[in-house]
Amino acid sequence: MVSPLQQIEALPDLTDQVYERLLEAICTTQLTPETRVTQQGLAESLNVSRQPVLQALRLLRKDGFVVDAGRRGLMVAPINPDVIRQTYQVRSVLDGLAAREAARQDLALDSELIARGRQAGLSGKISSLVKADLNFHQSIYQVSGNPMIKDSAEFHWQHIRRAMGAVVAQLSDVDVIWDEHEAILQAINAGDSTLAERLARAHGESAGESLANALERNVSSG
8 MVSPLQQIEA LPDLTDQVYE RLLEAICTTQ LTPETRVTQQ GLAESLNVSR QPVLQALRLL
68 RKDGFVVDAG RRGLMVAPIN PDVIRQTYQV RSVLDGLAAR EAARQDLALD SELIARGRQA
128 GLSGKISSLV KADLNFHQSI YQVSGNPMIK DSAEFHWQHI RRAMGAVVAQ LSDVDVIWDE
188 HEAILQAINA GDSTLAERLA RAHGESAGES LANALERNVS SG
């Protein structure tokens, strides 16, 4: 049984709203992995007709957030540690490229990004942690001067956010993550493109492995 979701009003972009609302519920684990979902149940929960729900589910299926569940219809996709590793392999390359290009620009990153990230770590809230992490990396994408980096990385963030929500209690010391972020920021602001790229790639690869390992521990203990 799906728990009640926040209802939305009917507007011209209703399918987009339904998609975003369901994606939010999946990424914050309000809709947990392997939960069965139906058009009727979701439509009632969101107070909308079945048509935008059907269209949103098709998009979520295409993006890998829901999967076929045999004759039962659809369910929220399980979180696959191997997919997380593969996602981070791609993201670490993009982050390395972004950091390298950002270091070559005549712009500086705001050190407050680090302070806000450490504060989010103290809060222990997954939404705050992910937002701070996203803000840090998006700031690098912005400074890089290449808008295609942000566009390419955006899709991967939702899968990463979802995985983080599932294992946040098992993640390594958040201070270590922000120590690495601070080193990347300092390299960018110093104009050291080689170091910035190396640190950003290493950070992404390490984070991906830690997250995938935590997911595997969840599977073994379950």
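First residue of the sequence shown: 8, per this note's numbering; consecutive thereafter. From the three backbone atoms N, C-alpha and C, an ideal C-beta is built for every residue, glycine too.
Between which residues of its own chain and residue i is the CB-CB distance below 7 Å, once the five residues before and five after are set aside?
i: Asn153; result: Glu108
i: Val25; result: Leu53, Val55, Pro59, Val60, Ala63
i: Thr22; result: Pro59, Gln62, Ala63
i: Arg265; result: The structure shown does not extend to residue 265, since the chain spans only 8 to 229, so no value can be given for it.
I think residue i touches residue j, with their Cβ atoms under 8 Å apart; what is that distance to the nearest whole Å?
i: Ala170; j: Ile86; result: 5 Å
i: Leu241; j: Leu192; result: Nothing in the structure corresponds to residue 241, since the chain is present only between 8 and 229.
i: Ser146; j: Leu101; result: Rounded, the Cβ-Cβ distance is 14 Å, inconsistent with contact.
From the DSSP output, which residues share a beta bridge with residue i?
i: Val83; result: Val73
i: Arg43; result: Met82
Who are the near neighbours of residue i in its chain, counting only those whose CB is closer than 6 Å to its CB and skipping five residues on each side?
i: Ala190; result: Leu206
i: Pro40; result: Val83, Pro85, Ile86
i: Tyr148; result: Ala105, Ile156, Lys157
State the DSSP-derived secondary structure class of residue i, mapped to helix, strand or coil.
i: Asp140; result: helix
i: Asp23; result: helix
i: Val55; result: coil
i: Thr201; result: helix
i: Leu114; result: coil
i: Thr94; result: helix
Less than 8 Å separating the beta-carbons of residue i and residue j?
i: Leu30; j: Leu81; result: no
i: Ile167; j: Thr94; result: yes
To which residues of the same chain is residue i closer than 8 Å at the C-beta, ignoring the five residues directly before and after it?
i: Gln47; result: Arg57
i: Gly172; result: Cys34, Thr35, Thr36, Ile133, Val137
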